[in-house]
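Engineer:
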């Protein structure tokens, strides 16, 4: 990619993520956040709330699992154990049609596991021209497996629900923007392993170690990495990786490839690769030590004076005949 195209992509995507975080111009009516225990969606949600308050938007937080709501929330709805229809009525009371509102669902798990809730209809009814929906889906929380009783098999066969897509597939289809959070330190570890042609390190439950649930470097305090998949109104998709620092810390949102620590390993690896490439071209060591250079200066080559002949006639060959040489002057003259 040329420098001009790279600069255009950088500016364009940075403006896009700022527009999404600020929920300007209804850029994304439904934003789906995919998180895990390795990197929670907390830092990203705090960014959304911070930008919403800066834009003078109302923030309605629907709590299914949060014991303590984030700061700067306009209204809190405790939805744990409530029927989805009752939750929807409370949302309608808190959302004003005359003010821009950011609606946050801290977990979609209760909705995806509800036995009689049409998930697509429920979520589609929440966004509006003045309301943007931000919903969190935990990718490492397993869904309950369906029972395999004869009645269940009969019902799925007659109703055709066996062809129903998984909740995550349906959510990805409904969302206009999908943001996946990753641990920054774990991303650095994977990058270093890739640069050295090593297998990717495993973290958390992927390690396969008894008792290990959360890997080293989870929920890095420096910030989080966000993988963005945005679908425009035209249908064209935009994909990018960003680094989001903590809201109360210094620094702004940047592309992951422009992050100082992430880019530094690129520069260091590039320099080491150049040196290794030059060394691999030779089958022996071409460099000289200081002692070898001094010894080279002290070497007197035989008949070196033959090269000091003045003029353009070239050098002379100096050779002293020995007794073992069979030399005939007459033959030499010929």
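Residue numbers (UniProt numbering): 1 to 334.
Glycine is no exception: its CB is placed at the ideal position from the N, C-alpha and C atoms.
Output needed for residue 277: all residues of its chain with C-beta closer than 8 angstroms, excluding positions within five of it in sequence on either side, in chain order.
Structural biologist: Only weak support exists for where residue 277 lies, its pLDDT of 49 falling under 50; the coordinates are left without a value.
Engineer: For a minimum of 3 consecutive residues, which ranges assigned as the beta strand (DSSP E) are wholly contained in the segment 1-47?
Structural biologist: DSSP runs (the beta strand (DSSP E)) wholly in the segment 1-47: 30-35.
Engineer: Pull up the distance between the alpha-carbon of residue 258 and that of residue 299, whole angstroms please.
Structural biologist: Spanning the two alpha carbons is a distance of roughly 53 angstroms.
Engineer: Between the alpha carbons of residue 103 and residue 122, how many angstroms are there, rounded?
Structural biologist: Between residue 103 and residue 122, the C-alpha separation is close to 14 angstroms.
Engineer: Go to residue 228, then tell me how far its beta strand (DSSP E) extends in each direction, as first and last residue.
Structural biologist: First-last of the beta strand (DSSP E) with residue 228: 223-231.
Engineer: Could you pull out every residue in the same chain whose Cβ sits closer than 7 angstroms to the Cβ of residue 37, ignoring the five residues on either side in sequence?
Structural biologist: Same-chain partners within the cutoff: 140, 204, 213, 214, 218.
Engineer: Assuming residue 63 is part of the beta strand (DSSP E), what are its boundary residues?
Structural biologist: Its beta strand (DSSP E) spans residues 58-63.
Engineer: Could you spell out where the alpha helix (DSSP H) holding residue 91 opens and where it closes?
Structural biologist: Looking at the DSSP string, the run of the alpha helix (DSSP H) that includes residue 91 is 84-94.
Engineer: Touching or not, the segment 128-143 and the segment 31-46, by the rule of three or more beta carbon pairs under 8 angstroms?
Structural biologist: Judged by Cβ distances under 8 angstroms, the segment 128-143 makes contact with the segment 31-46, as three or more pairs qualify.
Engineer: Return helix, strand or coil for residue 202, following the three-state DSSP convention.
Structural biologist: Of the three classes helix, strand and coil, the one that applies to residue 202 here is coil, per DSSP.
Engineer: By the 10 Å Cβ neighbour count, where 16 or more other Cβ atoms means buried, how is residue 162 classified, buried or exposed?
Structural biologist: Exposed, by the Cβ-count rule.
Engineer: Return the Cβ separation of residue 176 and residue 28 in integer angstroms, given the expectation that the two are a contact with Cβ distance under 8 angstroms.
Structural biologist: Yes, they are in contact, since the Cβ atoms of residue 176 and residue 28 sit about 5 angstroms apart, within 8 angstroms.
Engineer: Starting from residue 177, follow the alpha helix (DSSP H) in both directions and report where the run begins and ends.
Structural biologist: Residue 177 -> not in any alpha helix (DSSP H); beta strand (DSSP E) instead, spanning 177-183.
Engineer: Please say whether residue 169 and residue 144 have beta carbons closer to each other than 8 angstroms?
Structural biologist: No, they are not a contact pair.
Engineer: Using beta-carbon positions only, say whether residue 84 and residue 246 come within less than 8 angstroms of one another.
Structural biologist: Taking 8 angstroms as the Cβ cut-off, residue 84 and residue 246 do not qualify as a contacting pair.
Engineer: Does the distance from the CB of residue 46 to the CB of residue 69 come in under 8 angstroms?
Structural biologist: Taking 8 angstroms as the Cβ cut-off, residue 46 and residue 69 do not qualify as a contacting pair.
Engineer: Within the same chain, show all residues whose beta-carbon is closer than 8 angstroms to that of residue 241, passing over the 5 residues directly before and after it, in chain order.
Structural biologist: Same-chain partners within the cutoff: 225, 226, 227, 228, 255, 256, 257.
Engineer: Can you have a look at residue 164 and say buried or exposed, based on whether 16 or more other CB atoms are within 10 angstroms of its CB?
Structural biologist: Exposed: under 16 other Cβ atoms inside 10 Å.
Engineer: Check this for me: beta carbons of residue 220 and residue 184, under 8 angstroms apart or not?
Structural biologist: A contact, by the Cβ cut-off of 8 angstroms.
Engineer: If the criterion is Cβ atoms closer than 8 angstroms, does the pair residue 95 and residue 77 meet it?
Structural biologist: Cβ atoms of residue 95 and residue 77: not closer than 8 angstroms.
Engineer: When DSSP labels each residue in this structure, what does residue 103 get in the three-state scheme?
Structural biologist: Residue 103 falls in the strand class under three-state DSSP.
Engineer: Quick check on the burial criterion: 16 or more other C-beta atoms within 10 angstroms. Buried or exposed for residue 64?
Structural biologist: Looking at its Cβ environment, which holds 16 or more other Cβ atoms inside 10 Å, residue 64 is buried.
Engineer: On the three-state DSSP scale, how would you describe residue 297?
Structural biologist: Three-state DSSP puts residue 297 in a helix.
Engineer: Applying the criterion that 16 or more other CB atoms from any shown protein chain within 10 Å of the CB defines a buried residue, is residue 289 buried or exposed?
Structural biologist: Result: exposed.
Engineer: When we look at the beta-carbon of residue 39 and count the other beta-carbons within 10 Å, is it buried (16 or more) or exposed?
Structural biologist: Result: buried.
Engineer: Please report the distance separating the alpha-carbon of residue 187 from that of residue 294.
Structural biologist: Going from the Cα of residue 187 to the Cα of residue 294 covers about 49 angstroms.
Engineer: Could you tell me the alpha carbon to alpha carbon distance between residue 2 and residue 12, rounded to whole angstroms?
Structural biologist: About 15 angstroms.
Engineer: Ordered along the chain, which non-local residues of its own chain (more than five positions away) have a Cβ less than 7 angstroms from that of residue 93?
Structural biologist: For residue 93, where only same-chain residues beyond five positions count, there are no Cβ hits under 7 angstroms.
Engineer: For residue 150, count the other beta carbons within 10 Å of its own beta carbon; 16 or more makes it buried, fewer makes it exposed. Which is it?
Structural biologist: A caution first: residue 150 carries a pLDDT of 41, below 50, which makes its placement in the model unreliable, though a value can still be read off. With fewer than 16 other Cβ atoms within 10 Å, it is exposed.
Engineer: Mapping DSSP to helix, strand and coil, what is residue 70?
Structural biologist: Residue state, collapsed to three classes: coil.
Engineer: Output needed for residue 110: all residues of its chain with C-beta closer than 7 angstroms, excluding positions within five of it in sequence on either side, in chain order.
Structural biologist: The answer, listed in chain order, is 64.
Engineer: Can you tell me the Cα-Cα spacing of residue 136 and residue 62, whole angstroms?
Structural biologist: About 11 angstroms.
Engineer: Nearest to residue 231 by CA position, among 115, 100, 178, is which residue?
Structural biologist: Per the Cα distances, 178.
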